[in-house]
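*Asks:* Each residue of the sequence shown is one higher than the last, beginning at -12 in my numbering.
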Amino acid sequence: LYEAATMDGASKFQQLRTITLPLVLYSIAPILITQYTFNFNNFNIIYLFNNGGPAVIGSNAGGTDILVSWIYKLTMSSSQYGIASAITLLLSIFVVGIALWQFRMTKSFKEEAR
-12 LYEAATMDGA SKFQQLRTIT LPLVLYSIAP ILITQYTFNF NNFNIIYLFN
38 NGGPAVIGSN AGGTDILVSW IYKLTMSSSQ YGIASAITLL LSIFVVGIAL
88 WQFRMTKSFK EEAR
C-alpha cells in the first residue's frame, strides 16, 4: 500500500492519514471504547482517597465527586433513590449511545474484505 501511495504522489502525512491510522484504528477501536466507558467508573479512586470531598455548600455532590460516586451518595446517604435511578439511566443511555456511535464510525466489527 505504501509503495502504491508513494507512486501516486502521496506525502508521508497523507499516507499516515489514509493508510496507517485506519489500519491501526481498526485494531484498537474496541480498546478505546472500553477505556472511555471505564473512565466513567473511577468510583474506587474517588471513594477511597477523599470520599468525594470537600463538601460543596448547598449540594449533595462533593467537590471531587463523579457521577457514579454521587449516585452512591444519593442512595446510601440520603436515600434519594428516584433521582439516583434517573441519573443512572441517563448516564447509561449516554455511554451506550457514544459507544454505539464509535463502533459505527470505526467499523470495528465489520470483517475485512478478502
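We put the CB at the ideal spot given by N, CA and C, even for glycine. The structure presented is a predicted model; accordingly, all values stated were derived computationally and were not measured.
What does the alpha-carbon distance come out to for the pair residue -8 and residue 3?
*Replies:* Residue -8 and residue 3: Cα-Cα distance of roughly 11 Å.
*Asks:* Can you name, in chain order, every residue of its own chain whose Cβ lies under 8 Å from the Cβ of residue -11, other than the five neighbours on each side?
*Replies:* Hits under 8 Å: 2 and 6.
*Asks:* Where does residue 49 fall in DSSP's three states?
*Replies:* Of the three classes helix, strand and coil, the one that applies to residue 49 here is strand, per DSSP.
*Asks:* Would you please verify whether the beta carbon of residue 17 is less than 9 Å from any beta carbon of chain B?
*Replies:* Checking the listed chains, one finds no chain B in this structure; it contains a single protein chain.
*Asks:* Look at residue 30 and residue 65 and say whether their C-beta atoms are less than 9 Å apart.
*Replies:* Not a contact, by the Cβ cut-off of 9 Å.
*Asks:* To the nearest angstrom, how far is the alpha carbon of residue 18 from that of residue 45?
*Replies:* Spanning the two alpha carbons is a distance of roughly 39 Å.
*Asks:* Cutting at 6 Å between CB atoms, please list the residues of its own chain near residue 103, excluding the five before and the five after it.
*Replies:* For residue 103 there is no data in the structure shown, the boundaries of the chain being -12 and 101.
*Asks:* Tell me which same chain residues have a C-beta within less than 6 Å of the C-beta of residue 67, skipping the five on either side of it?
*Replies:* Taken in chain order, the residues that qualify are 61.
*Asks:* Let me know if residue 58 comes out buried or exposed under the rule of 16 or more other beta-carbons within 10 Å of its beta-carbon.
*Replies:* Its Cβ being crowded by 16 or more others within 10 Å, residue 58 is buried.
*Asks:* Assign residue 69 to one of two classes, buried (16 or more other C-beta atoms within 10 Å of its C-beta) or exposed (fewer than that).
*Replies:* Exposed, because fewer than 16 other Cβ atoms sit within 10 Å of the Cβ of residue 69.
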